[in-house]
Amino acid sequence: MKTTDTNHIFKDQQIKIDSFKKKHPKFQQIFDEYLFFQTELWNLETCDKTDQISDDFLDAMHIQISALEDEISDWLEYHVSTDS
367 MKTTDTNHIF KDQQIKIDSF KKKHPKFQQI FDEYLFFQTE LWNLETCDKT
417 DQISDDFLDA MHIQISALED EISDWLEYHV STDS
């Protein structure tokens with residue numbers, strides 16, 4: 367079962383995000399990828415076998431999430447919604 371994750375840094379902009387996701391497939395792809403990486407990172411960092419996961423791999427995931435956050439922030443700041 368897929369649920370909407372509202373525990374992300376953009377939750378205060380959820381209405382704008384929902385609008386962009388409906389109107390811009392590229393934004394939806396980026397945001398879905400962000401949520402996926404965020405969930406997977408949390409799963410990896412909280413699993414019983416964290417000692418078997420390399421720090422380099424976790425660092426790479428943090429970098430990817432940061433890049434996606436930057437891209438989402440750019441969308442939210444610079445793209446104008448066409449709701450009117």
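So the mapping is simple: the working numbering equals the position in the sequence shown, first residue as 1, plus 366. Using N, Cα and C, we set each Cβ at its ideal position, and we do this for glycine too. Everything numeric in this text was worked out from a predicted model, so none of it was measured.
Closest in C-alpha terms to E399, from the list L407, D440 and L434, comes L434. Less than 8 Å divides the Cβ of F403 from the Cβ of Q430.
Straight-line spacing of the CA atoms in L410 and Y444 works out to 33 Å. L424 is not a Cβ neighbour of K382, given a cutoff of 8 Å.
For Q430, the enclosing alpha helix (DSSP H) begins and ends at D421 to Y444. One alpha carbon belongs to H374, the other to H390, and they sit about 20 Å apart. Here I419 is exposed: its Cβ has fewer than 16 other Cβ atoms, across all protein chains shown, within 10 Å.
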